[in-house]
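Written out below as structure tokens is the structure these notes cover.
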Amino acid sequence: MRSRPVRSRGIFGGTGLLITLLAGTLAALVFPVWSYADRSGTGLDTLNAQTVPTAYGPLSTLDRDFVTRVRLAGLWELPAGQQAEQKGTTQAVRTAGEHLVTGHTFLDARVRDVAGRLGLALPNQPNAQQRQWLATLDAAQGQEYDRDFANLLRRAHGKVFAVVAQVRATTRNSLVRALADDANTTVLDHIKVLEATGHVDFDALAEDAATASPAPLTPSPAPPGPTDDPGTPIPVTPTYSLPPAASSPPP
Numbered sequence: 001m002r003s004r005p006v007r008s009r010g011i012f013g014g015t016g017l018l019i020t021l022l023a024g025t026l027a028a029l030v031f032p033v034w035s036y037a038d039r040s041g042t043g044l045d046t047l048n049a050q051t052v053p054t055a056y057g058p059l060s061t062l063d064r065d066f067v068t069r070v071r072l073a074g075l076w077e078l079p080a081g082q083q084a085e086q087k088g089t090t091q092a093v094r095t096a097g098e099h100l101v102t103g104h105t106f107l108d109a110r111v112r113d114v115a116g117r118l119g120l121a122l123p124n125q126p127n128a129q130q131r132q133w134l135a136t137l138d139a140a141q142g143q144e145y146d147r148d149f150a151n152l153l154r155r156a157h158g159k160v161f162a163v164v165a166q167v168r169a170t171t172r173n174s175l176v177r178a179l180a181d182d183a184n185t186t187v188l189d190h191i192k193v194l195e196a197t198g199h200v201d202f203d204a205l206a207e208d209a210a211t212a213s214p215a216p217l218t219p220s221p222a223p224p225g226p227t228d229d230p231g232t233p234i235p236v237t238p239t240y241s242l243p244p245a246a247s248s249p250p251p
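Here it is as structure tokens:
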């Protein structure tokens with residue numbers, strides 16, 4: 001006769017325990033959402049910690065990396081273009097070399113101006129990988145040279161093209177934004193003329209993109225710029241001195 005009250009207490013006790021456990025689980029799931037904005041180590045926290053103010057708007061780590069990459073690209077692609085004008089066995093390869101020379105002469109002047117306004121130093125020689133690419137081109141001859149030139153340069157331009165798009169979409173700095181516009185125009189022109197050589201291995205490009213890990217950031221060799229509040233950002237009107245190629249060069 002007394003078993004019924006005991007069973008009743010057991011049922012209600014079990015239900016209470018279940019409710020307590022469910023409430024605890026819900027709190028554990030909801031708490032990170034409530035507290036995420038206040039936690040250090042998040043993406044936004046890192047962005048704010050690594051961004052400095054300038055007269056042209058906030059300058060992030062990605063912005064500084066982009067400026068350095070534009071300079072590095074010119075340090076090896078401009079001499080590679082000059083070499084292609086001489087060693088290319090077809091007019092299409094020689095034309096691609098001419099575009100590289102014109103484009104990177106223009107971009108190098110732009111990036112040096114931007115770096116000067118932002119207080120950033122720039123590298124003065126290609127990095128180790130770029131020097132290896134130049135050595136590969138130095139050793140190649142004939143059609144082997146044409147293939148190496150087209151594929152090395154097309155692969156490099158494809159990677160920087162992705163960086164340009166990311167910077168253009170996210171930067172809050174008007175100088176960097178204008179530089180990204182010019183870099184986008186120039187890099188797309190170079191991609192087109194390199195593909196027009198007929199030597200680009202698109203299967204290899206796809207495989208390389210599928211297996212490659214994200215490239216590490218390339219910080220400027222200078223301090224990131226001023227740290228005092230510069231006031232209202234100065235807008236910059238982008239320049240378009242180098243339009244895309246109107247048509248592909250003849251084979």
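Just so you know, the sequence shown maps onto residues 1 to 251 in the UniProt record's numbering. We put the CB at the ideal spot given by N, CA and C, even for glycine.
Integer-rounded CB distance, given that residue j should sit under 8 angstroms from residue i
{"i": "Thr68", "j": "Pro123", "result": "7 angstroms"}
{"i": "Gly97", "j": "Gly81", "result": "4 angstroms"}
{"i": "Ala183", "j": "Leu107", "result": "6 angstroms"}
{"i": "Asp181", "j": "Arg168", "result": "7 angstroms"}
{"i": "Leu118", "j": "Leu59", "result": "6 angstroms"}
Residue nearest to residue i in terms of C-alpha spacing, selected from the options
{"i": "Ile191", "options": "Ala206, Ala156, Gln50, Val167", "result": "Ala156"}
{"i": "residue 261", "options": "Ala178, Phe202, Val193, Asp182", "result": "This structure gives no information on residue 261, because the portion of the chain shown stretches from 1 to 251."}
{"i": "Pro53", "options": "Asp201, Leu175, Glu207", "result": "Leu175"}
{"i": "Leu78", "options": "Gln50, Gln129, Leu134", "result": "Leu134"}
{"i": "Gln91", "options": "Gln132, Asp181, Arg172, Leu194", "result": "Leu194"}
{"i": "Gly142", "options": "Arg154, Ser60, Gly88", "result": "Gly88"}
{"i": "Ala115", "options": "Leu205, Asn173, Gln132", "result": "Asn173"}
{"i": "Ala204", "options": "Gln86, Ala128, Asp148, Gly103", "result": "Asp148"}
{"i": "His104", "options": "Glu207, Trp76, Gln50, Lys159", "result": "Trp76"}
{"i": "Ala140", "options": "Gln86, Phe202, Gly158, Ala128", "result": "Gln86"}
{"i": "Gly158", "options": "Val101, Thr51, Phe202, Gln129", "result": "Phe202"}
{"i": "Phe161", "options": "Gln50, Ala128, Ala209, Thr136", "result": "Ala209"}
Beta-carbon proximity of residue i to residue j, cut-off 8 angstroms
{"i": "His199", "j": "Asp146", "result": "yes"}
{"i": "Thr197", "j": "Ala121", "result": "no"}
{"i": "Val93", "j": "Ala84", "result": "yes"}
{"i": "Leu62", "j": "Pro126", "result": "no"}
Coil, strand or helix - residue i by DSSP
{"i": "Leu153", "result": "helix"}
{"i": "Leu59", "result": "strand"}
{"i": "Val52", "result": "strand"}
{"i": "Pro123", "result": "coil"}
{"i": "Val200", "result": "coil"}
{"i": "Gly103", "result": "helix"}
{"i": "Asn173", "result": "coil"}
{"i": "Ala92", "result": "helix"}
{"i": "Ala140", "result": "coil"}
{"i": "Phe12", "result": "The pLDDT assigned to Phe12 is 49, lower than 50, so where the model puts this residue is not dependable; a value taken from the coordinates is nonetheless given after this. In the structure shown, Phe12 sits in a helix (DSSP, three-state: H, G or I)."}
{"i": "Arg168", "result": "helix"}
Exposed unless 16 or more other CB atoms sit within 10 angstroms - verdict on residue i
{"i": "Thr171", "result": "buried"}
{"i": "Arg64", "result": "buried"}
{"i": "Thr211", "result": "exposed"}
{"i": "Arg131", "result": "exposed"}
{"i": "Phe66", "result": "buried"}
{"i": "Ala246", "result": "Below a pLDDT of 50, predicted positions are generally treated as unreliable, and Ala246, at 41, falls in that range; the measurement from the model is reported next regardless. It is exposed - the Cβ of Ala246 has fewer than 16 other Cβ atoms within 10 Å."}
{"i": "Ala206", "result": "exposed"}
The ligand ATP heavy atom lying under 7 angstroms from the CB of residue i
{"i": "Gln86", "result": "In the structure shown, the ligand ATP is absent, as is every other ligand, since no ligand is present at all."}
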